[in-house]
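In the order they appear, the protein sequences are chains A and B.
Take the first sequence: its position 28, counted from the start at 1, is 81 in this note's numbering, and no numbers get skipped.
Take the second sequence: its position 41, counted from the start at 1, is 94 in this note's numbering, and no numbers get skipped.
Even glycine gets a Cβ: it sits at the ideal position worked out from N, Cα and C.
Working notes, beginning with the structure itself.
2 protein chains.
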Amino acid sequence: MAKVKNIDFFTSNRSKVAEARLFLRPLGYSVTWRRANLLEPQLNTLEEVVKVKLASAPLDAGLTMVEDSGFFVHSLNGFPGVYSSYVFKVLGVEGVLRLLEGLPRDAHFEAVIGIRRGRDANLFKGVVHGKVSTQQKGRQGFGFDPIFVPEGLSLTMAELSRQEKVRISHRSRALASLAEWLR
Amino acid sequence: MAKVKNIDFFTSNRSKVAEARLFLRPLGYSVTWRRANLLEPQLNTLEEVVKVKLASAPLDAGLTMVEDSGFFVHSLNGFPGVYSSYVFKVLGVEGVLRLLEGLPRDAHFEAVIGIRRGRDANLFKGVVHGKVSTQQKGRQGFGFDPIFVPEGLSLTMAELSRQEKVRISHRSRALASLAEWLR
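Structural data, given as structure tokens:
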């Protein structure tokens, strides 16, 4: 029987850990939730944020993982982008809908996962393109899910079942790339 | 003649250095502009941001200074707050005006200066209260100045002369507290 390998996942978000386990357990990896609050720098891209977070994680013997994701509205110059969780907390989806009145509604969700072993770091990115809806709909998921309609669908991310969301989400795509690399 | 003491000011903003010199030269302090780009963490208050920036500045023999400031709109839960320069860059003053339609318009500007000598750190805060105007006016200053009317005035911050602004601004008030302490 193959030895189970461990990944230390630094995040404050329990459901991200559950999602990671879904993808990585079948490959023989256990995922340990490390609640340590790593500082998130104010930088322009998720890649930059993830690199700095990864560098600031305590250096353990094994695999260290961090993740960051964001919602990028094209006609708002990528706002709220790397600040999505802050903007969701203070303005909500209504704030973004208000800013977008009369503007083109293209947007994407993006997730970047960083993995480090010793001094070697690798990044894995997942993106889902779509449009911002004119009203919020649905109760699944979190954050900007209720106002985002993925390309090729007519429902918002928050109207999809958990399984459907896992199939198409930005985070799933990043996890799938990571799984491919680990394999 | 008293010996001139030096303060290393870490900032990417040249005009902040000029403003600091205005307040500190008369007290016998020279201010050296250190352009090093310190990482700004994503935190909730300017005090927290300044503490982390201060801790990350290279530890020199003398006095080390950092500053951070923000525009806090009360009915938007403090947005854009510690993310003011990013939000100004991507949404402009128009974004904030749009978000505020039909809402109360109280706001404040806030600046926090951090000074470190060795392991001792001190923070100095300056605040100016006022209202968000309904349209932008004036060409002085920068950032959200054209939509902010300080309490007791009928002009926006961007309609004030440089001298008038220096007299009432949040940064001036923080610098004045620092000057008081140095004295």
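Secondary structure of residue i, DSSP reduced to three states
i, result
"L141 of chain A", "The identity of residue 141 of chain A in the sequence shown is Phe, whereas the question assumes Leu. Helix, per DSSP."
"K69 of chain A", "helix"
"S225 of chain B", "helix"
"V102 of chain A", "helix"
"S207 of chain B", "coil"
"M54 of chain A", "Note that M54 of chain A scores 47 on pLDDT, short of 50, meaning its location in the model is unreliable; the coordinates nonetheless yield the value given after this. In this structure, M54 of chain A counts as coil in the three-state DSSP scheme."
"F76 of chain B", "helix"
"D61 of chain A", "strand"
"P111 of chain B", "coil"
"S83 of chain B", "strand"
Anticipated Cβ contact below 8 Å, residue i with residue j, distance rounded
i, j, result
"K190 of chain B", "E212 of chain B", "6 Å"
"V219 of chain A", "L92 of chain A", "In fact, because the Cβ distance is near 29 Å, the residues do not count as touching under 8 Å."
"L144 of chain B", "L129 of chain A", "6 Å"
"L152 of chain B", "G148 of chain A", "6 Å"
"A110 of chain B", "R169 of chain B", "7 Å"
"R88 of chain B", "D61 of chain B", "The Cβ separation is near 11 Å, so there is no contact."
"I200 of chain B", "L150 of chain B", "6 Å"
Residue span of the beta strand (DSSP E) that contains residue i, given as start and end
i, result
"R192 of chain A", "No beta strand (DSSP E) contains R192 of chain A, which DSSP labels as neither H nor E."
List, from N- to C-terminal side, the beta strand (DSSP E) runs of 3 residues or more that fit wholly inside the stretch 115 to 188 of chain B. 116 to 126, 159 to 170, 173 to 185
On the three-pair Cβ rule with 8 Å, is the stretch 114 to 123 of chain B touching the stretch 165 to 183 of chain B? yes
Could you tell me whether the stretch 212 to 229 of chain A touches the stretch 156 to 169 of chain A, using the rule of 3 or more Cβ pairs below 8 Å? yes
Stretch pair the stretch 98 to 105 of chain B + the stretch 70 to 86 of chain B: three plus CB contacts closer than 8 Å: no
Give a yes or no on contact between the stretch 68 to 77 of chain B and the stretch 136 to 150 of chain B, applying the rule of three or more CB pairs nearer than 8 Å. no
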